[in-house]
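Read through the structure below, which is laid out as structure tokens, and then see the notes.
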């Protein structure tokens, strides 16, 4: 039975250790959602790159143009005019066309690097959004709050995250929601490992001081590069629960697995330690499940209890992720009432999909993103010290 405990023992330990911090995360989310916005908010520039027609694009841009924020501008940036579908731009938006080409640097990164140069002089805050995310009217206020001048000496950037709420729902679209929610569950109090590019903000002064534009060279990942710049400067990345974005589009099995592999390939190249931790954990999680099922089939009643003990913490975490997301996204209460249960019951299956995608992302450094192919390579200047 050594093989059983080789997998089941670490799997049980990891499962119960994973529950640490869930109460603190829940308390943090409740506290931040209840906080009033700062008395004064800095003038801001919101930048959103566009590349073709995403699900709900018109509504997503309209939400970014209707923020409950006293002084901000919205810039839509694209590589070329043909990348912006006709009739989707809200009134008052500024359009920047990058027309930039640079080997080794992703098109989105080039677009963002160009857009910040065109931000109005009075803006003291840069906020970044994705075109496939729908945000609340309070999104920009939530991102700006942690960057208030009183905290600026230790906070480098703020971040929200994404929640997939597919409409209409189907199996693979809901599975993507469960799979991606695991990452949402890593954000909480204190410093966070990275800022997510679809909902992040940084003070202009900090952006310049930590040389984000330099880090946005020879990279495909805008958010990992910005996070590197902030963390190298000894600053924290703070999670803003009120800055969650919702993606309503659906997916197919092939599209989901291709997208998930791309995400984890990017992580393996730009955040190898995160990738290795995830791989090791999922080898033991899935190995423990398989060992317990095999032992149960062989007649071991104890193995059934071991399997239950292993699965329960992960399912509880899934339920907690959905509960917190429901609080962070009050406009989506009806969706959570209908579909939050999948974030509990589908967690074991999502764990196996995590392992499959991690193994699929273990080899190769070429990805396709928005119709372009890239060869991922970490800039040599950023390898040392990671």
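Residue numbers (our numbering): 109 to 494.
Backbone N, C-alpha and C define an ideal beta-carbon position, used for all residues, glycine too.
Excluding the 5 residues preceding and the 5 following residue i in the sequence, name in chain order all residues of the same chain whose CB lies nearer than 6 angstroms to its CB.
| i | result |
| --- | --- |
| residue 238 | 306 |
| residue 119 | 392, 393, 396, 418 |
| residue 478 | 159 |
| residue 378 | 329, 332 |
| residue 171 | 242, 243 |
Roughly how many angstroms lie between the CA atoms of residue i and residue j, to the nearest whole one?
| i | j | result |
| --- | --- | --- |
| residue 293 | residue 365 | 20 angstroms |
| residue 197 | residue 169 | 7 angstroms |
| residue 203 | residue 375 | 31 angstroms |
| residue 487 | residue 222 | 20 angstroms |
| residue 283 | residue 399 | 24 angstroms |
| residue 214 | residue 261 | 31 angstroms |
| residue 493 | residue 382 | Note that residue 493 scores a pLDDT of 40, beneath 50, so its modelled location is shaky; the value from the coordinates is reported in the next line. C-alpha separation (whole angstroms): 15 angstroms. |
| residue 182 | residue 318 | 24 angstroms |
| residue 167 | residue 413 | 48 angstroms |
| residue 440 | residue 195 | 27 angstroms |
Beta-carbon separation of residue i and residue j under 7 angstroms?
| i | j | result |
| --- | --- | --- |
| residue 266 | residue 254 | yes |
| residue 205 | residue 227 | no |
| residue 323 | residue 333 | yes |
| residue 448 | residue 468 | no |
| residue 368 | residue 224 | no |
| residue 354 | residue 273 | yes |
| residue 234 | residue 327 | no |
| residue 132 | residue 297 | yes |
| residue 349 | residue 476 | no |
| residue 336 | residue 240 | no |
| residue 359 | residue 164 | no |
Tell me whether residue i sits in a helix, a strand or coil according to DSSP, three-state version.
| i | result |
| --- | --- |
| residue 478 | coil |
| residue 271 | strand |
| residue 423 | helix |
| residue 484 | coil |
| residue 131 | helix |
| residue 170 | helix |
| residue 181 | strand |
| residue 414 | helix |
| residue 190 | helix |
| residue 297 | coil |
| residue 201 | coil |
Return the chain-ordered list of same chain residues with a C-beta closer than 8 angstroms to the C-beta of residue i, the five sequence neighbours on each side being excluded.
| i | result |
| --- | --- |
| residue 474 | 481, 482, 483, 484 |
| residue 459 | 390, 393, 394, 397, 422 |
Only counting the same chain, and skipping five residues up and downstream in sequence, which positions put a Cβ closer than 7 angstroms to that of residue i?
| i | result |
| --- | --- |
| residue 176 | 245, 246, 249 |
| residue 427 | 451, 452 |
| residue 280 | 359, 360, 361, 364 |
Checklist line | Length-filtered (4 minimum) alpha helix (DSSP H) runs lying within the segment 445 to 476 | finding: Runs of the alpha helix (DSSP H) inside the segment 445 to 476: 450 to 453, 455 to 468.
Checklist line | beta strand (DSSP E) runs contained entirely in the segment 208 to 269, provided each spans 3 or more residues | finding: As far as the segment 208 to 269 is concerned, its whole beta strand (DSSP E) runs of at least 3 residues are 233 to 237, 263 to 267.
Notebook entry, point to check: Taking only runs of the beta strand (DSSP E) that begin and end inside the segment 307 to 360, which ones reach a length of at least 3 residues, in chain order?
Noted result: Qualifying beta strand (DSSP E) stretches, in chain order: 307 to 311, 344 to 347, 353 to 355.
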